[in-house]
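For reference, the structure discussed in these notes is given below.
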Amino acid sequence: MRQDDDMTTVGDLLGASLAAAGVRVTFGPVPLAGLPHERVDDADLAALLADADGRIGPGPGVAFDGRHLRLSSRPGGEDHAPATLDEAQRVAATIEPATRAVRNAATTRMIEVSVDLGAAINPRARPSRPVDYLPFAGAVLPAHGDARVAMLVGPGVVRRGGVEGLRAFAAAGQLPVANTWGAKGVFTWDSPHHMGTCGLQADDFALLGFGDLDLLITAGLDRDEANEQLLDSVTRKRVDVAPEQLGDLARLVAGNRHLDAANALYTRLAAVAQPGYADDRFPMHPARAVAQLAAARPTGGIIAADPGAVGLWVARTFSTTELASVIVPASTAPGIAAAVAFCARRRGLPAAAVTRAPLDAATEAVCALADARGLGFPLFVWDDGRDPTGLTSIAAHESAAARVGAAAAMTAVERFVVPIDWTCTDALVTAAGSVVAWQS
């Protein structure tokens, strides 16, 4: 127990270590010193919310029950090599590697806390923010301007603060850049550098022309979003660069090549999406539903979609103009879209969730918590058109989508059942092959 106000405890150091890593809030029945806390007694719900908060990033999400500390950025993730915090002086040595791992990639770390959090500790043992020193893999742009070079980037570029460095590097080298869906927004959809979003379907990498490149430079990839086997099957030479190094490398690059981001994947997907954006059929073309949500999203707002059939369309056809404005987790966990929307609302951001009928118990639990906390958001439930409570027209969906703009002031979840023409997915498969996302 604490004996005076000046004493530093293990709990103080644990909370400070997590705060230094960017943790914004903890979920569970037990708070941690110095951090905002959302009391959630259900362990599964607390874990889901921690996963969602970590997926938004950039810091890890945290759930704590007094004994088990979950650090996560991967929805539904498990840690097969959990650590134990059993020495008061090893708080930083235990926490910093775990928080660094969660920031660097979508993953989960579990720590069993068996030390007395109220025990006194040397106050000079306070943590400092961890710094990654990752090796540069030797990627240099060929000196001759006719070399065919492109980039593929993933969510690690966003999580590790590498976006501005990426943009500088691409501009200096006049490089086209493809992104997996967790990095949507590193370039706007109409940027001359933007090749498109990839990793969702089997033919994506081949259609991007990676097999014709002399060099593919990668940064911040996540194994859930970039299938290594598919990538290796089409690339001749590939090197990886730490996201933190891109800005420094930009100063060493001369722009001596012609920038050309054109590729077959973008062309094929545009042939499906662009007519879909204007399609007046009802039940709705999924691309039309996504376009109306994108148009209604206010600056700073987040649209979250559940992995699977809904996530495929949102990740594919959401025309991104703002970084981190759309979140489709690369791993599955029931209720994750609603959980992301709730966590975004806790941050004061407008948010909406898109899922598929029927609603699962986890989504219902998140909605109940959101109602209880007065942190509402629109929930769009894509259906096959047989629910009699569903919206009845394109105009009705546009009106419902407009509620996204009012989400920051909502005190309860507003549900909208959206009739969708699911046969449209066949056109995506014809364009880019079978869906490979969410297979692990």
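For the sequence shown, the numbering used here begins at 1264 and goes up steadily by one.
Idealized CB from N, CA, C, for every residue including glycine.
Just so you know, these numbers come straight off a predicted model, no measurement behind them.
Can you list, in chain order, the residues of its chain with a C-beta nearer than 6 Å to that of residue i? Leave out the 5 residues immediately preceding and following it.
i: Gly1472; result: Asn1526
i: Leu1493; result: Phe1468
i: Ala1690; result: Val1535
i: Leu1556; result: Ile1566, Ala1664
i: Ala1671; result: Pro1613
i: Arg1337; result: Ala1369, Thr1370, Thr1371, Ser1594
If you follow the beta strand (DSSP E) that residue i is in, where does it begin and where does it stop?
i: Trp1645; result: 1641-1646
i: Phe1581; result: Phe1581 -> no beta strand (DSSP E), and no H or E assigned at all.
i: Gly1324; result: 1324-1327
i: Pro1682; result: 1677-1682
i: Phe1290; result: 1289-1291
i: His1300; result: 1300-1302
i: Val1376; result: 1371-1376
i: Arg1619; result: 1614-1619
i: Ser1280; result: Not the beta strand (DSSP E): Ser1280 falls in the alpha helix (DSSP H), residues 1273-1283.
Using only the alpha-carbon positions, how far apart do residue i and residue j sit?
i: Arg1389; j: Leu1276; result: Any reading at Arg1389 must be qualified, since the residue scores a pLDDT of 47, below 50, and its modelled position is unreliable; the value itself is stated next. Cα-Cα distance, rounded: 6 Å.
i: Val1440; j: Val1698; result: 22 Å
i: Thr1674; j: Val1644; result: 19 Å
i: Arg1366; j: Val1325; result: 12 Å
i: Leu1295; j: Pro1323; result: 14 Å
i: Val1667; j: Asp1487; result: 29 Å
i: Leu1476; j: Asp1316; result: 37 Å
i: Val1421; j: Val1516; result: 22 Å
i: Asn1490; j: Pro1345; result: 26 Å
i: Asp1646; j: Pro1506; result: 40 Å
i: Ile1657; j: Phe1545; result: 7 Å
i: Ala1465; j: Gly1329; result: 44 Å
i: Ala1433; j: Pro1592; result: 26 Å
i: Pro1393; j: Ala1279; result: Note that Pro1393 scores a pLDDT of 40, beneath 50, so its modelled location is shaky; the value from the coordinates is reported in the next line. Rounded to whole angstroms, Pro1393 to Ala1279 spans 12 Å at the Cα level.
Tell me which same chain residues have a C-beta within less than 7 Å of the C-beta of residue i, skipping the five on either side of it?
i: Val1553; result: Trp1576, Val1577, Thr1580, Phe1581
i: His1548; result: Gly1539, Asp1542, Asp1684, Cys1687
Kindly give me the distance between the Cβ atoms of residue i and residue j, rounded to whole angstroms, as I take these residues to be in contact under 8 Å.
i: Thr1443; j: Thr1584; result: At roughly 18 Å, the Cβ-Cβ gap does not stay under 8 Å, so Thr1443 and Thr1584 are not in contact.
i: Val1692; j: Leu1654; result: Not confirmed; about 26 Å, so no contact.
i: Ala1284; j: Thr1362; result: 4 Å
i: Asp1485; j: Ala1368; result: 6 Å
i: Arg1531; j: Ala1431; result: So it is not a contact: roughly 30 Å between Cβ atoms.
i: Met1373; j: His1331; result: 7 Å
Which two residues bound the contiguous alpha helix (DSSP H) that contains residue i?
i: Ser1454; result: Ser1454 -> no alpha helix (DSSP H), and no H or E assigned at all.
i: Thr1357; result: 1354-1367
i: Glu1488; result: Note, Glu1488: premise wrong, no alpha helix (DSSP H); not H, not E.
i: Ser1662; result: 1657-1664
i: Thr1688; result: 1688-1695
Near residue i, what residues of its chain come up, given a Cβ to Cβ distance below 8 Å and the 5 sequence neighbours on each side ignored?
i: Gly1339; result: Asp1314, Ser1594, Thr1595, Ala1596, Ile1599
i: Ile1565; result: Ile1319, Ala1587, Ser1588, Val1589, Ile1590, Val1603, Ala1604, Ala1607, Leu1612, Pro1613, Ala1614, Ala1615
i: Gly1483; result: Val1416, Gly1417, Pro1418, Gly1419, Val1420, Val1421, Arg1422, Arg1423, Gly1425, Ala1446, Pro1506
Strictly under 8 Å for the Cβ-Cβ distance: is residue i near chain C by that measure?
i: Ala1587; result: Looking for chain C here will not work: only one protein chain is present.
* **In chain order, each beta strand (DSSP E) run of at least 3 residues that lies wholly inside the stretch 1563-1612** => 1565-1568
* Which runs of the alpha helix (DSSP H), 4 residues or longer, sit entirely within the stretch 1492-1540? -> 1509-1513, 1527-1540
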